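Residue numbers for the sequence shown follow the working numbering, beginning at 1 and rising by one.
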Amino acid sequence: MIKRILQLNKITSFIYIVLLCLISFNNFAQSLSPEQLLSELIKIKSVTGTEKKIGLYLSEYCKNQGLNITTFSDNDSSYNFAASIYPLTSLKPNIIFMSHLDVVSEGDISEWTYPPYSGEITDSCVWGRGAIDCKGLAVMQLKAIIENIPDSGSKELAYNITFLAVSGEETGGLNGAFSVSNYNISDLNPVVIFGEGGSGLANFIPSYPEQVVFGISVAEKKALWLKLEARNKTYGHGAAPPALYANKHLLRALIKLLDEKRLIKFGKVARQMFREVGKMEGGIKGFVIKHINWDVFWPLVKKYFEEGEIMHILVYNTFVITNIYNTDIVTNKIADKAYATLDCRLLPETNSKKFIKKIENVVGPKINVSVIAESPGAEPSEDKTIFFKNMEKALICEYPESKVVPILFPATTDNNYFRQHDIPVYGILPIVFDQELIESVHNINERIKIDDLYRGINVYSVFIQSMTNPEGKPKRKFRLIKAKQDR
Numbered sequence: 001m002i003k004r005i006l007q008l009n010k011i012t013s014f015i016y017i018v019l020l021c022l023i024s025f026n027n028f029a030q031s032l033s034p035e036q037l038l039s040e041l042i043k044i045k046s047v048t049g050t051e052k053k054i055g056l057y058l059s060e061y062c063k064n065q066g067l068n069i070t071t072f073s074d075n076d077s078s079y080n081f082a083a084s085i086y087p088l089t090s091l092k093p094n095i096i097f098m099s100h101l102d103v104v105s106e107g108d109i110s111e112w113t114y115p116p117y118s119g120e121i122t123d124s125c126v127w128g129r130g131a132i133d134c135k136g137l138a139v140m141q142l143k144a145i146i147e148n149i150p151d152s153g154s155k156e157l158a159y160n161i162t163f164l165a166v167s168g169e170e171t172g173g174l175n176g177a178f179s180v181s182n183y184n185i186s187d188l189n190p191v192v193i194f195g196e197g198g199s200g201l202a203n204f205i206p207s208y209p210e211q212v213v214f215g216i217s218v219a220e221k222k223a224l225w226l227k228l229e230a231r232n233k234t235y236g237h238g239a240a241p242p243a244l245y246a247n248k249h250l251l252r253a254l255i256k257l258l259d260e261k262r263l264i265k266f267g268k269v270a271r272q273m274f275r276e277v278g279k280m281e282g283g284i285k286g287f288v289i290k291h292i293n294w295d296v297f298w299p300l301v302k303k304y305f306e307e308g309e310i311m312h313i314l315v316y317n318t319f320v321i322t323n324i325y326n327t328d329i330v331t332n333k334i335a336d337k338a339y340a341t342l343d344c345r346l347l348p349e350t351n352s353k354k355f356i357k358k359i360e361n362v363v364g365p366k367i368n369v370s371v372i373a374e375s376p377g378a379e380p381s382e383d384k385t386i387f388f389k390n391m392e393k394a395l396i397c398e399y400p401e402s403k404v405v406p407i408l409f410p411a412t413t414d415n416n417y418f419r420q421h422d423i424p425v426y427g428i429l430p431i432v433f434d435q436e437l438i439e440s441v442h443n444i445n446e447r448i449k450i451d452d453l454y455r456g457i458n459v460y461s462v463f464i465q466s467m468t469n470p471e472g473k474p475k476r477k478f479r480l481i482k483a484k485q486d487r
């Protein structure tokens, strides 16, 4: 009997310890500051294809904060979930904040100041892979939603507010946004989606380099990945070089592509952006910028659109040779097959089939051109909606001296998957980038300033309040930290 009592006491103690640990974890999770939450997310390595672990952690965190969880898929490489103020079954019109769970690989770890998955909090920054792209944005969006969960007994909100986490964005989004937008769109019932895209920059207006301008992306370039293949049957030994062989054939074709003259295209969004910037600039220079697509002004502005300039990518279809390779590599053997891959970024107005046909015409009939992957195209979202206007007001509330313009985002995100369904989608990471932070994205020493993290939460929080309580005065809960304080 005594032995049985001792065994029961041990079991009871063990259960008590487990429950205590669970309660402690929940209390810890609930008390995480924004920078601590971001640090915890960075510590969970989530390179594309391994998103389930971070998905489980984040969905549990959301559940503990009182949000309603809907899991759309829970595979290792496709973990997608929604965390909403009201259950999705309420079918309320839904304002959705979207972020992706996956990150690119860390590269050479030895080149990082702090380990890429340490989530180091120092020098007033949170360091690590995903700090900006895209876990920092996720923390901003999620903390803003949590801070605006209505108290019990409060007036019911007209909108549902949802955080949507998706997988696989860094490799095209097929396991994430593509799947959710095609199979779960009716469950989400979105009236607007805010994802990644634009941000704040200085040096945008020529005569006012200190002026901060936020670009909210309303459209983006399409990604088109191509493979080029050259085949030339030749003698195999390097000591007897033929006049033409696969590598030489491919290089000649690539040089032709690089030398090909490209046509400038001022699309709808680009023209709109330049009109807004021209208004900010004012005077004769502003008039030129507003009408930058006029041929008469081209000699004056051409230098700003040359290859390597930031404006270049907004008005040209671009491509980069990302790889040149052989499958059978022996130094003294002439390969009979050679391959190259191109990362092409196309303006929204560009027809992909016509673009590929032009590539084929330039490289010639003996180079085979095939499509590796292609992101969707979509019509630009309107910038006259209440959602765009209220986000503009939220940005100016947090950054009172800033300006806001609609922009074409030169990279490719998940946003177009939802634009294809005629849903207004806007891209905004509400921080002001400097050159050093821009260069850290997909690179070593990725990091985000803690001040920027807090200010981003404020922006999204003020936006929520403007949509759910338009008559009230917006409250900015998160204040800036001291500039050099370590957390």
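Where a beta carbon is used, it is the ideal one built from N, C-alpha and C, also for glycine.
Because the structure is a prediction, the values reported are computed rather than measured.
| Asked | Found |
| --- | --- |
| Contact the region 335-346 vs the region 223-236: 3+ CB pairs below 8 Å | yes |
| Residue 338 in three-state terms, based on DSSP | strand |
| Burial state of residue 376, where buried means 16 or more other Cβ atoms lie within 10 Å | buried |
| Presumed contact (8 Å Cβ cut-off) between residue 34 and residue 457, rounded CB distance | 6 Å |
| Residue 317 beta carbon less than 8 Å from that of residue 347 | yes |
| Nearest neighbour of residue 143, chosen from 168, 120, 83 [CA to CA] | 83 |
| Selected residue, minimal CA-CA separation from residue 39, among 369, 117, 246, 198 | 117 |
| CB of residue 218 within 8 Å of CB of residue 73, strictly | no |
| Cβ neighbour criterion (16 or more within 10 Å) applied to residue 121 | buried |
| Run of the alpha helix (DSSP H) containing residue 419, from where it starts to where it stops | 415-419 |
| 8 Å Cβ cutoff met for residue 180 and residue 80 | yes |
| Proximity of residue 315 and residue 355 at Cβ, strictly below 8 Å | no |
| Local conformation of residue 102 per DSSP, three classes | coil |
| Nearest-angstrom beta carbon gap, residue 274 and residue 493 [assumed within contact, 8 Å] | Residue 493 lies beyond the range of the chain shown here (1 to 487); nothing can be said about it. |
| Candidates 263, 204, 246, 464, of which the one nearest residue 286 by Cα | 204 |
| Minimum C-alpha distance to residue 100 - residue among 111, 78, 253, 85 | 78 |
| Segment contact, 8 Å Cβ cut-off, at least three pairs: the region 191-199 with the region 418-429 | yes |
| Rounded straight-line distance, which links the Cα of residue 95 to that of residue 190 | 6 Å |
| Whether residue 398 touches residue 455 by CB criterion (8 Å) | yes |
| Simplified DSSP assignment, three categories, for residue 41 | helix |
| DSSP-derived helix/strand/coil call for residue 163 | strand |
| Proximity to residue 220 [Cα-Cα], best of 437, 444, 350, 64 | 350 |
| Nonlocal neighbours in the same chain, by C-beta distance under 6 Å from residue 460, ignoring five residues either side | 140, 141, 144 |
| Reduced DSSP category for residue 47 - H, G, I as helix; E, B as strand; rest coil | strand |
| Which of helix, strand or coil DSSP assigns to residue 299 | helix |
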